[in-house]
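Okay, structure first, notes after.
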Amino acid sequence: QAQKSSPFPPTLPEFLRLCRDAANRKSAAQSVQALNAPPISKDVAAQRLAQIEVRRKPDHSGGLDPLGWALAHREAYLSGVRLSPVQISFASAALGETWSGGKCSSALPGDVRA
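This is the structure in structure tokens:
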């Protein structure tokens with residue numbers, strides 16, 4: 109809008125000033141407040157920290173278990189922790205299992221898991 113009066117494109121300093129002015133107008137018009145996270149109990153916080161530690165446990169070869177995250181999700185699922193559908197889908201697929209009704213079973217015929 110500011111450049112409609114000039115037949116030439118803006119110089120670099122003019123262009124930068126126009127961009128900054130537009131950004132300032134936009135940020136002033138769209139002041140967004142951050143949402144406060146809901147408080148969680150000490151038990152839930154401790155459980156989440158324990159899940160993180162489970163994922164960090166080394167396997168027998170001295171490295172990290174590449175399926176540790178999925179095993180931690182399975183343990184959480186079986187203990188009644190509410191997981192998102194994406195977490196359930198990815199973790200169960202990584203372990204080759206089907207998770208339903210609070211139970212885990214192998215997706216492979218003849219293989220039964222708890």
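In terms of the numbering used here, the sequence shown opens at residue 109 and continues consecutively. Where a beta carbon is used, it is the ideal one built from N, C-alpha and C, also for glycine.
Taking C-beta atoms under 8 Å as the contact rule, Ala180 and Gln159 qualify, at a distance of about 5 Å. In this structure Cys212 is buried. Its beta-carbon is surrounded by 16 or more other beta-carbon atoms within 10 angstroms.
For Ser197, DSSP records no beta bridge to any residue. Secondary structure note for Ser208: its beta strand (DSSP E) is the uninterrupted segment Glu205 to Ser208. Around the Cβ of Arg190, a 10 Å sphere holds fewer than 16 other Cβ atoms; the residue is exposed. Under DSSP, Lys211 takes part in a beta bridge, and its partners are Ser208.
With respect to Ala184, Ala202 sits apart: the two C-beta atoms are not nearer than 7 Å. Excluding its 5 nearest sequence neighbours in each direction, Thr206 has C-beta neighbours in its own chain below 8 Å: Ser200, Cys212, Ser213, Ser214 and Ala215, listed in chain order. In this structure, Leu186 is the residue among Leu186, Phe198, Phe123 and Pro121 with its C-alpha nearest to the C-alpha of Gly209. With 16 or more neighbouring CB atoms inside 10 Å of its own CB, Arg182 falls in the buried class.
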